[in-house]
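So the protein lines, in turn, are chains A, B, C, D, E, F, G and H.
So for the first sequence, the working numbering puts the first residue at 1126; every next one is plus one.
So for the second sequence, the working numbering puts the first residue at 134; every next one is plus one.
So for the third sequence, the working numbering puts the first residue at 6; every next one is plus one.
So for the fourth sequence, the working numbering puts the first residue at 43; every next one is plus one.
So for the fifth sequence, the working numbering puts the first residue at 2; every next one is plus one.
So for the sixth sequence, the working numbering puts the first residue at -1; every next one is plus one.
So for the seventh sequence, the working numbering puts the first residue at 1073; every next one is plus one.
So for the eighth sequence, the working numbering puts the first residue at 9; every next one is plus one.
Worksheet: one structure, shown below.
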Amino acid sequence: MIPYWMCFALFLVGLYGVITRRNLVKIAISLSIMEVSTFLFFALMGYIEGGKFPIVDPAEPGQLYVDPLPQALVLTAIVIGLATTSLLMAVIIRIYRKYKTFDIREIRNLRG
Amino acid sequence: MKGMTTIVKKTTQILAGIIFLYGAYVVIHGHLTPGGGFAGGVIMAGAFILVTLAFGGGFLNLKKEETGSTATENIAVLIVIILSLVGLFLGAKVFFLNFLPRGTVGELVSAGVLPLYNIFVGIEVTSSIFILFLALVIFKEEDT
Amino acid sequence: MLAGILLFFIPGRIRFVKELISILAVMAALYSSIVLFGTGDKLISVDDALRTGYQAHHNCLLADHGSICFQVDGLSRLIVLFLGIFGLLILVYCLTYNKGRIKGFYSWYLITLGASYGAVLSDNLLLFIIFWGVLGITLYKLIPGTDEASSAAAKKTLIIIGASDGIMILGIAIIWKICGTLSMADVSLPTSGALTAAAFLALLTGSFTKAGAFPFHSWIPDYAQYSPASSAAFLPASLDKLLGIYFLARITTDLFILTDPWRMLLLSLGVITIVAAVLMALVQHNCRRLLGFHAVSQVGYMVLGFSLGSMLGVAAGLFHMLNNVIYKSGLFLTAGNVEFRTGKEDIDELGDLSRSMPLTFFGAIVFALSISGIPPLNGFASKWMIYQAIIDFGSGSGLPNKLWILWLGLAVFGSALTLASFIKFIGGIFLSGKKQEFAQVREVPVLMWAPLILLALGCLLFGIFATGIILPRLLMPVSGVFVPAGFWNSSLVSVLVLISVLLGICLYLITGMKKFRTEDSFIGGEKLYETTGYPVSGFYHTLKEFRLMAWFYQKAEERWFDVYELSKRFTLWLSSLASRAHSGILPHYTVWIIAGLIILLMIMNT
Amino acid sequence: MELALTIITGFMVIGAIYAIHAKDLLSAVIACGIVGYGLVICFLLLKAPDLAIVQIVVDTMSLIIMVTVVLNTSREEPYYGLDSRGRTLAVAALALIIALLYYFVISTGHLDAFGESHLRMSEAYMNGAAEKTGSANLVTGVVFDFRGYDTLGEATVLVTAVLGVIAILRLKGKK
Amino acid sequence: MNPIIPMLVIVPLASAFLIMVLGKLIRDLPGYFTSAVFLVLLITSYYAWMHNGNGITVYKVGGWEAVNKIPIGIYMVLDGLSVIMLCLISTLGFLSAVYSLSYMKRYTGEEYYYALLCLLVAGMNGVVLSGDLFNIFVFLEISVIASYALVAFGVEKNELEASFKYQVLGGIASLLILFGIGLIYWKAKTLNIADIREAFKAGYDGTYYTFVQMLILCGFGVKAAIMPFHAWLPDAHSSAPSPISAMLSGVFIKAVGIYVILRLFFSMFVISEQIAFVITALGTLSMVFGVFLAIGQWDIKRLLAYHSISQMGYVIMSAGIGMILLSRGTRPDVALLAITGGLYHLINHAAFKGLLFLNAGALEYRLGTRDLKEMGGLASEMPITAGTSFVASMSISGIPPFNGFFSKLIIVIACIRGRFYLLAFLAILVSIITLASFLKFQRYAFYNKTNAGKDLTGKEVATPMVFSMIVLGMLCLLMSLLAIPSVRESLLKPAVDVLMDAGNCMSKIIGM
Amino acid sequence: MACLILLSVGILFNLFGCIGLIRLPDVYNRLQAATKCVTLGTCSILIGVLVHFGFNDAGVKAMVAIPILFFASTVAAHALIRGAYGFGIRLGDRSVKDDYKDAVK
Amino acid sequence: MRYLTLFILSLIMWLLLTFKLTIPNLIVGTVVAAITALIFARYFIRNVHKFLEPKRYFWLFVYFFVFLWACLKANIDVAYRVLHPAMPIRPGIVKVRTTLRSDFARTLLANSITMTPGTISVDIIGDDLYIHWIYVHSEDPEVYSSLILGQFEKYIKRIVE
Amino acid sequence: MISYLDIMLYVQIALSGICMYRIIRGPTIPDRMVGIDIFGILVVGICAIIAIETEKSYILDIGIAWIILSFIGTLTLAKYLSGKKINE
């Protein structure tokens, strides 16, 4: 169970970062750390002790492979993560140019 | 001097082709080895990015590249969609039908349409990633 | 009749055509209501309606229980008749008065009328509330709203009306839950349990709001002040009164069976309405606002009448309602006439119009006397009936019955104050000091004074033939047969009348004399609390009362008695509190999310 | 295996903590990259080569993107110290994450332990999947054939993000 | 195996890419093309609605049949609920696209806008049609990312800020959802919603189950902007271009938030009374506080955005009441009423909130400001805008002849009959305050004195915008017809049945 | 067996490189140690792979990897050291000579 | 010309990577190599005719062993310095003048230098190579030039120029 | 039983831990970059060891990919250091 806990701890570290950091880029980094932990979580779930790489070798049939489905899911999720990160980064550039600051507490035009 | 030092430039000249080739390898062997459209696509984009990094923006016409890449990207995705729709029109009325013969497991030409998907997703990813990079690179703020 | 009105959504380009069509439609409506009046009691269900042709088109319902019914009984017939009459009269008045004041006036007017018919005739509570809601919208749309104050008044009006609608939904839902039906004919509930009480209160709120009784009255003066006289006469004075009191009658007589505490509540609300509103009216110097407060005040009598619960009381309430509608719309029309010719609404700035506008003056005199309950006129008749009912009521047992003298006294006091303020009204506008600027003022066109005169005649007729014709023909079918003549000629009558007249004149003198001393020209009872600062030797004994009054007025100015303002303040306070939490700082929002997650987990895991 | 994973995840946690506490942005970005690389080792150990290669690629790409952003914005490396508000937030965050960890631990105690996963949906993928899809790589088979629709979505997400980036980085928003 | 189902997703996707390819070549193409595509979608989805009836159609992507009754491919499910959402999406999408024809003239990069709009719609269609948990996530991300980009489309200060906040909060939400999906997979080892239900029947641990439920609820709660998770909504919805605000408020938070919550909590998880209470409480919370926040606003779109929170609160509350009653198993008729009311309100909200945002867009287009204090007296200058906005305002505040009244009425009646008197009272209270705040909007925008300082071009907006507004206004009126029991039976009943009898439906899906 | 030896040697070199990474005083020297040792160590490991698999697809792949690794790591080291100089990192205290300083100016 | 060279190189590379001589593989390899050549040939080195001269490959082969030896020396040297408790280092940047003309040759030289004992090339400006040296043996330019460049220069000259 | 290859794996992982140390500790930014560069190369070793352990050649693909991408990444970082915009 320990890897699962470590994995969730990673998630929480990211969460902590999102909450406490004031720098926009730091927030983005924290988010990507959370993403990483989620991917790890999926991969951990698919692991089977003694399982082989999920790539069939025609020479040796009838093997036990690790669960390929979570891997497929993570594959999709990773791409989504990249997409989110890049969009976030684009917004960050623009925000910096407009506000001349990275401080999240000064970026509060919209309130109330 | 534009770009990085001569050393980097010359190495890039050699390596860029190899990297691209390697990316293509990963893409085409997606159904046999790890990787596939996405990973290979990014590696192929890496070749372009490497060139841009080493030679600087002046070497390429960035605007034109971006436009071309956008077109490529969208056309590639369209082809993916069309591929997925072919099954729908080929009588079976099944979306995402693997309509080609499956072949022998482990051969290069096998797995029906999967390599085709890989290839076009690879092209799409290549151009997407390159556009991402270019968009971030050539971005300049208007004077406000 | 609804069909013709709904057709009117397509507004014609030519104003004349519009007028013509609207008059025709109203005439048709009047005709059909008269026809309806002639028929007996029955429930017209949808099938019937299609067969008999009374209702060509009908609205729809979601009711899973109970069918869609239009109901015609004595009460609704009465109301329908008067709706038709007033619709016609005021429309005629509007033809000249209303030149381009409000866009699409006629279509809204007709929709209003149609919706009122619908509301009165519908048996199903849901159908009823749909029409009721439409009335709220038309009320909103009949204010021009092109300036700050009138738009604010429009907003306030619709908010209060809409709120009452909402509360009525609550009541209706409760009724549905308890009875499983929405047909008014089938519902009869004792107000004993908490649920029924809630339902009763909810529906009561609706009717009070529409009629403008005390806690929810505050939209009437504003509306009266800022809307054109035609709208004011049409809606708050006549139609809304008719409908509100109609609904009050429904809920107090048909839907619910009242118990003593509720009776007590109703009585006290009625009395408070009478006194408080008339006190407020006393100090107004915008003539329409003054009338608006009076409209509120009169409602108190009706509430009083209905809350007594006896047949006499109900009949008295209804009768007073009819009378009130007659003279109050007449008064609004008078004010409209004056404003039409002079362009002024402030009593202080008006004066001496009696000679230039004699017909208007005549009408005003009649209405004013009537509203103050001077004997030969209808106001007296109905008020007298109410007093009588109260005295009757006093013979019963129970707490509210024991307090009959209090109700009676306050009612009489209110009547007296009414007189006082109307002396101001009449005096201020038509009699006192001649002003040069009004030299050119002429009498209004015939289409404007004709309804006025008709109404004045109505006042007279209703007063004179009260016992003879009006009561048996109009009211007996509704409330059942009763014996009105018991105290008709007793000395109590004259004593009460005398008291009220004297009291009124006395008060008028108090206020009036002070005015004469402080200022040359006659200015009605301008804000009393300001003038209390002057030493008043002759009327020293009233000072204490005045101080109390001063406090009262001051708070009223700050709108402490206005439910709308109170809730507005509270809401805005909450709103600012909540929006301060949205500080625009992202980490706080994130903490909300995670804290929400954890709190939910805690809740779920206990 | 569990030990190695624990060590690497430990490294990743340390790296992550450093990443969010680093005083300058570039260090944070690098540390973030290290977390990603740690993930790759985890994937390798967990027998997920596809994921490993994709994660390498993505991690490097996001590193490049982040570096480009940092380069395009500020070189002065802003750092904001803790003030009272920040301290409150930090305490709140700590309390929240401890609570969350607690709930995670108590709620996952009964599930399949590490490495003892059983199969349900993917059993069908593994039994003769190679023959069904013709692909030696089971993951590719799943990604493009059984769940090809997801992959179409994935490709679309990327294109969407690219369109979004271009749209956001236009020079002028309004005419 | 109806090929319409995948086409509903594929057509907007493909058109987005076509726009990007062709948009550079032909200048005015994107707008008209998008409108045409959405019109096709509209017709298709209504066709599907008419022909679906009470049935459930399952489309197995890739033609993979279930093995041992365990589905292995991705299922696309078209049932009563999703078809209604489809119709909503395509209707509002079409009107927004038409509206954009002239509204977007002042922005640059129109082809990006239209492509992203297509992607937004495609993502929502995908979410609605999907019967697979992870697939829902993927398509949710498509539409969410498109909406991130569209919120920031104006690239001014506020837009960017809103987009950033939206992205961070939305990112956290997505991760929570993903984690929840992971936890579900950990236990159930399957991703098909119907199959997960089967798997959970075998037994589960209580704490685990609640943890998963809460993660999913929070994740989709952020997307649906339920109260403690709502903070991004007012910023994002007020900053986006108006047609996008209409889309976001009108269908987006429903399709990716409410719809999924309903779908998952009714169909996937077994309804427990506790979770039902939680959902009801959250709905009530957002209903009440949303409106209190709204009334203090002076920015039109922000006011509208807060109202979205509040109105969604109604929907969630009524659904929660339905859940409570279903879990008790005592009053199925009232549960039916509550769920019907919720769905009905959801549909109505799409109509009037979309209309209101389009109105706000028209005002902004003409005046260049969103501040109520700077407006006034526009009723005579922009009569159609004024009229339609009046209809929408009355509708949202529940004034009788309009559709909002009927749905609120059904909700209140359901509350009362289910003995939730406090909730009924709160619903009424909120309705009143809604009325107040919308009259504030009406008063300051259309009624008040004309603001002399501003240079108002006394013109109505262009024809496409007017067209969209009028159509939505008519819809507001027409939808009150849904109150008629027979109409309601035929149109809403299939959707309600899906939720009422979830277990049965799910086993049908498995069996197909 | 040869494979294992090559692997051990490679890992040993890697170990040296990493020790150098820790011990050496400034970034230039660290780069010196790390790049060389680690690159060579990894090359050694790859040759070990080649030996293990023999001359088949895996072995050849390892062989292909070696020149790529060589070019990549040297150029990366070069770019890094130049970048570090450009970034303004001065040479350590123990430095004796700096010709590049004049050239950059 | 460049295109063809790159094409052939790519094809060889492809075959090495896949290490299969089946017909489909060859076809695919040809196509991919062609695409690679089409795209990247314009970035490829210019005077490709040198690839055709066999003796260069001979010198490359010789150079390979020389270089391997130098690498090993470098590693042992560094390991010694790292493990020595006193850390005998005398870092510094020195300037070395090279006689190589072509850019590619210089690049190769610089890369070689990077892998040889204690040196990393920092920059090339004009004819001067700037080299970071972990232990500056001598202050004299002549001495360290020969120490650093060693035999590399002449081999590279034979290979490339 | 833990085989010799496993021990090597652990050693490599430990070495990458050292790189972590340098990244976290590194007084200057170039130090950290050196750390990440070395980390990348070390992982290639890990890939190779796993390839031997599992007798699968495709793990080496991952290694090559890693080399390439870490090269690109390092170049980007180096370009950052030299103070140029990326497009110069």
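Note that the Cβ used here is the ideal one computed from N, Cα and C, for glycine as well.
For residue i, count neighbouring Cβ atoms within 10 angstroms of its own Cβ and tell me buried if that reaches 16, exposed if not.
i, result
"Met1073(G)", "exposed"
"Trp1141(G)", "exposed"
"Trp267(C)", "buried"
"Thr1163(A)", "buried"
"Leu196(D)", "A small correction: the amino acid at residue 196(D) is Glu; Leu does not occupy that position in the sequence shown. So Glu196(D) counts as buried."
"His162(B)", "buried"
"Asp24(F)", "buried"
"Glu1185(A)", "exposed"
"Gly24(E)", "buried"
"Trp187(E)", "buried"
Could you tell me which chain D residues have their CB closer than 9 Å to the CB of residue i, listed as they occur along the chain?
i, result
"Arg1270(A)", "The structure shown does not extend to residue 1270(A), since chain A is modelled only from 1126 to 1237, so the question has no answer here."
At a CB-CB cut-off below 7 Å, which residues of chain D make contact with residue i?
i, result
"Pro592(C)", "Leu131"
Cβ closer than 8 Å: which chain H residues qualify as neighbours of residue i?
i, result
"Gly179(B)", "Ile76, Leu77, Ile80"
What in chain A is Cβ-close to residue i, meaning under 8 Å?
i, result
"Thr62(H)", "Lys1177, Phe1178"
"Ile599(C)", "Leu1140, Ile1144"
Find the residues of chain B that neighbour residue i, judging by a C-beta separation of less than 7 Å, and give them in chain order.
i, result
"Met1085(G)", "Ile151, Leu154"
Can you tell me where the beta strand (DSSP E) holding residue i begins and where it ends?
i, result
"Met307(C)", "Counting along the chain, Met307(C) falls outside any beta strand (DSSP E), though it belongs to the alpha helix (DSSP H) covering 292 to 313."
"Met77(E)", "76 to 79"
Show which residues of chain D have a CB atom less than 8 Å away from the CB atom of residue i.
i, result
"Val596(C)", "Leu131, Ala134, Ala135, Leu138"
Mind checking which residues open and close the alpha helix (DSSP H) that includes residue i?
i, result
"Ile27(E)", "Run containing Ile27(E): none; DSSP gives neither H nor E here."
"His238(E)", "233 to 240"
Residue i touches chain G at which residues, Cβ-Cβ below 8 Å?
i, result
"Thr40(F)", "Result: empty, since nearest Cβ-Cβ is about 12 Å, beyond 8 Å."
Could you list which residues in chain F have their beta carbon closer than 7 Å to that of residue i, in chain order?
i, result
"Thr1190(G)", "Note that residue 1190(G) corresponds to Gly in the displayed sequence, not to Thr. By Cβ distance, chain F contributes Gln30."
What in chain H is Cβ-close to residue i, meaning under 7 Å?
i, result
"Ala94(D)", "Ile70"
| At a cut of 8 Å, does the region 167 to 183 of chain E reach the region 107 to 125 of chain E through at least three beta carbon pairs? | Segments in contact, no.
| query | Which ranges would you report for the alpha helix (DSSP H) in the region 1123 to 1169 of chain G if only whole runs of at least 4 residues count? | reply | Annotation note: the region 1123 to 1169 of chain G contains the following uninterrupted alpha helix (DSSP H) runs of length 4 or greater, listed N- to C-terminal: 1126 to 1155.
| request: Spell out a yes or no on whether the region 162 to 174 of chain C and the region 427 to 447 of chain E are touching, meaning 3 or more CB-CB pairs, one atom from each, closer than 8 Å. | output: They touch, by the three-pair rule.
| Are three or more beta carbon pairs between the region 40 to 50 of chain H and the region 63 to 78 of chain H nearer than 8 Å? | When C-beta atoms of the region 40 to 50 of chain H are compared with those of the region 63 to 78 of chain H, three or more pairs fall below 8 Å, so the two segments count as touching.
| message | Taking 8 Å as the cut-off, does the region 316 to 332 of chain E touch the region 229 to 247 of chain E (at least 3 CB pairs, one atom from each stretch)? | response | Verdict: no, contact absent.
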